[in-house]
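For the sequence shown, the UniProt record's numbering assigns the number 236 to the initial residue and increments by one for each residue that follows. Beta carbons are placed, not taken as given, at the ideal position from N, Cα and C, and that holds for glycine. All values derive from a computational prediction rather than experimental measurement.
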Amino acid sequence: GLLARRQKPLAGKTIVMTSGPTHEPIDPVRYIANRSSGKQGHAIAAALARLGATVRLVSGPVTIPDPEDVTVIHVSTAREMRDAVEQLLPADAAIMVAAVADWRTANEAGEKIKKKPGEKAPALQMIENPDILAGVGHSKSRPRLVVGFAAETQDLLANAKRKLDKKAADWIVANDVSHATGVMGGDRNAVRIVTRLGVEEWPDMSKEEVAERLAAKIAAALQTVEV
Ligand code: CTP
Ligand code: CA
Numbered sequence: 236g237l238l239a240r241r242q243k244p245l246a247g248k249t250i251v252m253t254s255g256p257t258h259e260p261i262d263p264v265r266y267i268a269n270r271s272s273g274k275q276g277h278a279i280a281a282a283l284a285r286l287g288a289t290v291r292l293v294s295g296p297v298t299i300p301d302p303e304d305v306t307v308i309h310v311s312t313a314r315e316m317r318d319a320v321e322q323l324l325p326a327d328a329a330i331m332v333a334a335v336a337d338w339r340t341a342n343e344a345g346e347k348i349k350k351k352p353g354e355k356a357p358a359l360q361m362i363e364n365p366d367i368l369a370g371v372g373h374s375k376s377r378p379r380l381v382v383g384f385a386a387e388t389q390d391l392l393a394n395a396k397r398k399l400d401k402k403a404a405d406w407i408v409a410n411d412v413s414h415a416t417g418v419m420g421g422d423r424n425a426v427r428i429v430t431r432l433g434v435e436e437w438p439d440m441s442k443e444e445v446a447e448r449l450a451a452k453i454a455a456a457l458q459t460v461e462v
């Protein structure tokens, strides 16, 4: 009935998400990664589940617990994350929050690289990782709503708008991660929602509050009748 729909507006909807960093191995004991605690992505997954959605979260390596009432697929590398996301399509929405490493090493060593006296430091060859969000945005089974995140240290809005188009996303949640803001690893976030209709500026709030508000906005978007 009406009350149930108000309390669980995402009942019957499936949402695929990514969160956390990816780890790209250099050798069996070393890796390259982006900074990401997974706090914001995991909070969004939990908030969507509270609104009744069936949430499948592909998480990179994080130290925080799995969000409640969410199916979590644990992966390590960007390629594993991409494969897991592809397996989870089709879905009603995709919310890609992960801080995916843009590059991986092209010359991953099978054994631990040892220091040898008098030898130069090893040179890392890097190759580009797949863009998971762009893959979903351009997919034949594209979800109705595709949301990406953009952490920027400069030209926030211009960069976010470019990403909207390049990745065929509906919204980009942009946040300023320049050092002074303390967003990285912290509990607060000030975001802007960049859509083709314009930019919504949200005040500084906790990552929990950002999650609640974003989940409500996603619910509203998925409830509108398709035209
Ligand atoms: N993303 C992704 N796969 C990648 C890189 C990014 O899915 N290989 C997603 C992120 O999860 C995020 C969005 O794309 O939702 C934007 O990520 P960001 O790193 O800001 O964008 P890039 O296109 O990688 O641009 P750059 O790092 O150069 O700013
Ligand atoms: Ca990137």
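Going by DSSP, which residues form a beta bridge with residue i?
i	result
Ile348	Answer is none; Ile348 lacks a bridge partner.
Arg423	Ser441
Arg339	Ile362
Asp405	Paired residue(s): none; Asp405 is not in a bridge.
Ser271	In the DSSP output, where bridge partners are listed per residue, Ser271 has none listed.
Val320	DSSP output for Val320 lists no bridge partner at all.
Report buried or exposed for residue i, applying the criterion of at least 16 other Cβ atoms within 10 angstroms of its Cβ.
i	result
Arg317	buried
Ala455	exposed
Ser254	buried
Ile362	exposed
Ala358	exposed
Asn342	exposed
Leu432	exposed
Glu436	exposed
Glu303	exposed
Ala356	exposed
Do you know how far the Cα of residue j is from the Cα of residue i?
i	j	result
Ser374	Lys402	10 Å
Gly295	Thr340	17 Å
Leu324	His277	19 Å
Val462	Ala288	With a pLDDT of 49 at Val462, under the threshold of 50, the predicted position of this residue should be treated as unreliable, and no value is reported.
Glu444	Ala284	15 Å
Val264	Lys350	14 Å
Arg427	Lys347	43 Å
Ile453	Ile267	32 Å
Gly247	Ala239	12 Å
Gly236	Leu457	18 Å
Lys243	Ala313	32 Å
Met419	Ala451	24 Å
Pro256	Arg270	7 Å
Leu449	Asp366	23 Å
Tell me which residue opens and which closes the beta strand (DSSP E) that residue i is part of.
i	result
Ile292	In the sequence as presented, Ile is not what sits at residue 292; that position holds Leu. Thr289 to Ser294 is the extent of the beta strand (DSSP E) around Leu292.
Arg265	Arg265 to Ala268
Leu380	Leu380 to Glu387
Ile261	His258 to Asp262
residue 210	The structure shown has nothing for residue 210, since the chain only spans 236 to 462.
Glu354	Here Glu354 belongs to no beta strand (DSSP E), and DSSP marks it neither H nor E.
Going by Cα to Cα distance, which pick from the options is closest to residue i?
i	options	result
Gln322	Gly417, Glu435 and Val251	Val251
Pro300	Gly273, Gly417, Ala336 and Ala344	Gly273
Ile308	Val297, Leu292, Thr298 and Pro302	Leu292
Val434	Gly421, Gln389 and Asp405	Asp405
Val381	Gln242, Val320, His258 and Pro244	Val320
Ala333	Gly353, Lys355, Glu303 and Val310	Val310
Ala326	Asn410, Ser441, Asp400 and Leu245	Leu245
Val290	His258, Ala329 and Gln275	Ala329
From what residue to what residue does the alpha helix (DSSP H) around residue i run?
i	result
Val371	Ile367 to Gly372
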